[in-house]
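Numbering (my numbering), first residue to last: 219 to 344. A virtual CB, placed ideally from N, CA and C, is assigned to each residue, including glycine. Have a look at the structure below, then the notes.
In structure tokens form, the structure reads like this:
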């Protein structure tokens with residue numbers, strides 16, 4: 219009996235490539251893409267391949283996340299160290315500024331004392 223119908227070529231391809239006989243009611247042809255009815259052996263194999271690919275993709279995603287987290291943790295540590303160095307530098311500069319102000323204050327006092335000691339006073343009324 220000759221095979222005819224909408225899914226004939228797809229059915230032949232599946233039968234030849236997999237060596238199994240698939241009833242014509244299990245194959246549906248949509249726009250040139252073969253679709254196999256749920257529950258068939260081919261469908262189960264397709265689902266299993268999809269699961270395996272999905273697991274591999276999820277594993278890659280987890281690995282990328284671990285790498286990214288590790289990178290960010292290292293970056294945080296570098297920035298904390300840099301921040302600590304900057305805080306030490308700020309304290310040092312503040313101390314130097316205070317010392318300079320004290321030195322300026324002392325110099326201003328000494329200048330004022332010299333000027334007070336050299337002031338001319340009126341010795342005679344006019």
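The beta carbon of residue 334 sits closer than 8 Å to no other beta carbon from its chain once the five residues preceding and following it are set aside. Secondary structure at residue 256: coil, using DSSP grouped into helix, strand and coil. Cα atoms of residue 261 and residue 284: separation of roughly 34 Å, rounded to the nearest angstrom.
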